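Just so you know, the sequence shown maps onto residues 761 to 972 in my numbering.
Some notes on the structure that comes next.
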Amino acid sequence: MFKKRYIFETKRTKILRYLQNISFISLVSIILYAITSLIFILLARNLSQETLQTFYNRSPDLIVVFTGDSGRIPLAVKLAKKYKQSNIFITGVYSKNSVDSLLKPLHLGQDFDPNLLTIDYLARNTVENVLSTLRHLRERKGNKKIIVISHDYHVMRIKLIFNKLMEESDDYKIYFYSVETDFSSLRNIKIIAKEVYKWIRTYGFLLLWSPE
761 MFKKRYIFET
771 KRTKILRYLQ
781 NISFISLVSI
791 ILYAITSLIF
801 ILLARNLSQE
811 TLQTFYNRSP
821 DLIVVFTGDS
831 GRIPLAVKLA
841 KKYKQSNIFI
851 TGVYSKNSVD
861 SLLKPLHLGQ
871 DFDPNLLTID
881 YLARNTVENV
891 LSTLRHLRER
901 KGNKKIIVIS
911 HDYHVMRIKL
921 IFNKLMEESD
931 DYKIYFYSVE
941 TDFSSLRNIK
951 IIAKEVYKWI
961 RTYGFLLLWS
971 PE
């Protein structure tokens, strides 16, 4: 911080000092914000690697997709083929979409069973995505090891919400696998920047959360 240099300070130098302080604080805040955004991405990608290691020679019980940006459903289908696991739950689907409309562009073969794909139309945000997923898991017993798919910038907020909303009786193990963000796109950079704010806002919301 910039302190006053003289015992007697003119109005002009005082204003300049205040502007310097504001500029310095703003610059530090922007740098810290950018570092936090980068940390979110790195943590999410590390979780993806942990998921690949965990399921190196075994399959998950369920693959969950949080809808939003493009690429998430194709990634889920890719993993489903890899693990020979067609049991997929897609939450936050637009009301006019159906299983056929979601899968038709992917040109799936006969090795994928669309009857094992479940769609949730009710969730409208990430908290509701998590609630819908937990409801699905509680209604359908036997799904213990779950892979949740979203974009890397989104994963840490999803993880935060799961940690808060899961009950002691929920014996599920949640793993994460993410679509990697293209940093060459200005749109994606803006999304990542907003995500830190959304994480902070969600954290505050969950502090006041009551299961009732």
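All C-beta atoms in this analysis are idealised placements derived from N, C-alpha and C, irrespective of residue type, glycine included.
Small disclaimer: the values here were computed from a predicted structure and weren't measured.
- Residue nearest to I921 within the set A840, N885, N781 and D880 is N885 (criterion: CA-CA distance).
- With a threshold of 16 other beta carbon atoms within 10 Å, P820 meets it and is buried.
- Within the stretch 800-883, the runs of beta strand (DSSP E) that reach at least 3 residues and sit entirely inside it are, in chain order, 822-826, 848-851 and 877-880.
- Counting other Cβ atoms within 10 Å of its Cβ, G902 stays below 16 and is therefore classed as exposed.
- For Y937, the enclosing beta strand (DSSP E) has its first and last residue at K933 to V939.
- Residue pairing by DSSP places H911 opposite V939 in a beta bridge.
- With fewer than 16 other Cβ atoms from the protein chains shown falling within 10 Å of its own Cβ, T773 counts as exposed.
- At a Cβ-Cβ threshold of 8 Å, T770 and F936 do not count as neighbours.
- Inter-segment contact for the stretch 789-796 and the stretch 900-916 is absent: fewer than three beta-carbon pairs are separated by less than 8 Å.
- Linking G852 to V859 through their CA atoms gives a straight-line distance of about 13 Å.
- The three-state secondary structure of K954, taken from DSSP, is helix.
- In this chain, the alpha helix (DSSP H) harbouring T886 covers T886 to E899.
- Under the DSSP definition of a beta bridge, K905 partners with K933.
- Straight through space, the alpha carbons of L807 and M916 are spaced by roughly 10 Å.
- Rounded to whole angstroms, the gap between the alpha carbons of R818 and V788 is 46 Å.
- In the three-state reduction of the DSSP assignment, M926 falls in the coil class, being assigned neither a helical nor a strand state.
- Nearest in C-alpha terms to L925, of all of K950, T893, N875 and A804, is T893.
- Per DSSP, reduced to three states, the secondary structure at W959 is helical.
- Contact between the stretch 931-947 and the stretch 822-841 is established, with three or more Cβ pairs separated by less than 8 Å.
- Contact between I833 and Y913 fails: their C-beta atoms lie close to 17 Å from each other, not under 8 Å.
- Taken atom to atom, the span from the alpha-carbon of I906 to that of N875 is near 19 Å.
- Of all alpha-carbon atoms in S970, K919 and H911, the one lying nearest the alpha-carbon of I952 is that of H911.
- Of the other Cβ atoms in all chains shown, fewer than 16 fall within 10 Å of the Cβ of S786; this residue is therefore exposed.
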